Every structure is written in C-alpha cells, then in structure tokens.
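Novice: Read in my numbering, the sequence shown has 340 at position 108, and its numbers run on one by one without any break. C-beta atoms are modelled at their ideal positions from N, C-alpha and C, and glycine is treated no differently. Here the structure is a predicted model, which is why all the values come from computation and not from measurement.
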Amino acid sequence: MTTPEHFFAPDRYNAGEFIIRSYEPGEGALMNAATRASYDHLKTFMPWARPDQTDEEAEQIVRRMHAEYLRAENFTLGVFSPDEKEVWGGSGFHLREGGLETKNAEIGMWIAGDKAGKGLGTKVLRALIQWAFTEWPWLRLSWRCDPRNAASRRVAEKAGLRLEGTLRSHSLSPTGERRDTACYAILKEEWTMADRLARVQPIDPVRGTLSQGMMRTRPPTSNLDR
Ligand SMILES: CC(C)(COP(=O)(O)OP(=O)(O)OC[C@H]1O[C@@H](n2cnc3c(N)ncnc32)[C@H](O)[C@@H]1OP(=O)(O)O)[C@@H](O)C(=O)NCCC(=O)NCCS
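1) Let me know the beta strand (DSSP E) ranges lying completely inside the stretch 376 to 411, each 3 residues or longer, listed in chain order.
2) Under a three-way DSSP split, which group does residue 310 fall into?
3) Do you know how far the Cα of residue 351 is from the Cα of residue 413?
4) Across the stretch 304 to 313 and the stretch 405 to 423, are there enough close Cβ pairs to call them in contact, namely three or more that are closer than 8 Å?
5) Out of curiosity, what's the CA-to-CA distance linking residue 291 and residue 425?
6) So, under 8 Å CB-CB, residue 325 and residue 364 are touching, yes? Tell me the CB distance rounded to an integer number of Å.
7) Let me know if residue 237 comes out buried or exposed under the rule of 16 or more other beta-carbons within 10 Å of its beta-carbon.
8) Indicate, with yes or no, if ligand 1 has a heavy atom lying under 7 Å from the CB of residue 274.
9) Among all the DSSP beta bridges, which residues are the ones paired with residue 273?
10) Are the beta-carbon atoms belonging to residue 391 and residue 354 less than 8 Å from one another?
11) Measure from the alpha carbon of residue 396 to the alpha carbon of each residue in 373, 297, 411, then state which is nearest.
12) Consider the C-beta atom of residue 343 and the heavy atoms of ligand 1; say whether any pair is separated by less than 7 Å.
13) Report the partner residues of residue 304 according to the DSSP bridge assignment.
14) Alpha carbon to alpha carbon, how far is residue 241 from residue 405?
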C-alpha cells in the first residue's frame, strides 16, 4: 500500500533542456518574477495569478508547497532552466482524485508568457509522463481544463492523453462565471504501449525529430511500492 508514511517522493527530473523539481525555501522571488511577468498570459485560465503578489507572499507559498511535498500531501513542481536560475513554468502531481493509495494524480501546468507557444508545454508534459510512470507510483494521470483553453487541450492531446468527457457547468472561471471542465487522462498501460512503439521507431511523429524523452535511458525504478 502506498501511504504518505511510506512514500519518499522523487526529487527531480533532468530533461536536458529543462529541470522539473520541487521548489526550495528561498525561491519565492524566483517564482514570483516568472508569474508576475506572465500575468497577462495566465489571467484567463489561472485563478491564482496576481499582478501584485509580493516576494514575501510568494515565499510563503513556496515554503507551503515544499512542506506539502515532503509530507507527501501534494507535489507541486517548478520547471527550471538548465542552470536553475530561472523559472520557466510550473506543474505538479496533485492528489485531487483520491489519496496516494489510489495511485491517481492530476497534472496541472503553466508556462511563462515569454516561453509559451514554442513547444515547451508539450515537452514538459511528455517528460512528466515519462517520470510519472517510471519513478512515481502513478497508474493514472489526469488533466483538466476549460474546454475553451485551446493550448491546454492541444498539449494534452499531443502528449497522448484521451478525452474522457466534459463536466458541464462544473467550475468557476477566474472572473467567477460558471464553466465546463474537459477531462483528459492517460493510464500507465497506455503509455507503456506508446513507449514500446517509440523504441521501435524513435521518431517524434509531430516534429519528425528524435525526441529528448525517447533518447533518454530509462532510469532505474525505485523500490517504491507500486
Ligand atoms: C497551456 C500551456 C501550458 C501550453 O504550453 P505551451 O508551451 O504554450 O504549449 P506548446 O507550445 O507546447 O503548444 C502546444 C499546442 O498548443 C497550440 N497552442 C499554443 N498556444 C495556443 C493558443 N494560444 N491558442 C491555440 N493553440 C495554441 C500550439 O500551436 C500547439 O499545437 P500544434 O503543435 O498543433 O501547433 C501554456 O500556454 C500556458 O501556460 N497557458 C496559460 C496557463 C494555462 O492555461 N494552463 C493550463 C491550465 S489547464
């Protein structure tokens, strides 16, 4: 059984072009610089985005996220530049479909305004899926978005997630209007099949190039209860 008491979350995933890891205490200002500069890009779909958040407030948030990560309560992740001096986005494995024992995680994501629309979101989601199904206990990864969020839907589809349905009038937009929620997911067995096919023909069908995740040697699996 995977329980918070027995689970030590993996630390980081180095995708070469970027690093995905938990935020550390002291990185509030770094995160705040990215989210404040991205406010116009984030405000339509991200209810938490604020143009006037102080570094102290951001530091409190970073410390809470770090504590939750260590306590295996919620796994918020930053997407960092290779030298880890810039935050390029954020993501996470969130326990919104039950606790650790369900082996379900919901992935959320934002990409900084000056990095968005250049393929980074797709690469990050593919890297997260690779990491999730090799080093984490997850068996099911879900992704939820406003159906009007074309970039979000497209990123999910390109990474191999399947649309399972749309919840009608299910959530609130950042301006408080009721909105639908599109629900996507990928199961571990579906990914394994896609991964096997990718090994036979390691060409990214979208870009026609050898993809980073596919070139990567599969890391040794941990001894976690799966
Ligand atoms: C959604 C988001 C994470 C996608 O990341 P990204 O790096 O911008 O996405 P990519 O560059 O990998 O693009 C993926 C696909 O979406 C399309 N896309 C990107 N921006 C788009 C836009 N504004 N409108 C329509 N399609 C868009 C791209 O063309 C690409 O599809 P294609 O390869 O068929 O052309 C990012 O745009 C973002 O942070 N948005 C604001 C926050 C948000 O909405 N997060 C998701 C909440 S569920």
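Specialist: Result, derived from the coordinates:
1) 394 to 404
2) strand
3) 23 Å
4) no
5) Here the C-alpha atom of residue 291 lies approximately 41 Å from the C-alpha atom of residue 425.
6) 7 Å
7) exposed
8) Flag set: Cβ of residue 274 near ligand 1.
9) According to DSSP, residue 273 shares a beta bridge with no other residue.
10) Taking 8 Å as the Cβ cut-off, residue 391 and residue 354 qualify as a contacting pair.
11) 373
12) yes
13) None; residue 304 has no bridge partner.
14) 32 Å
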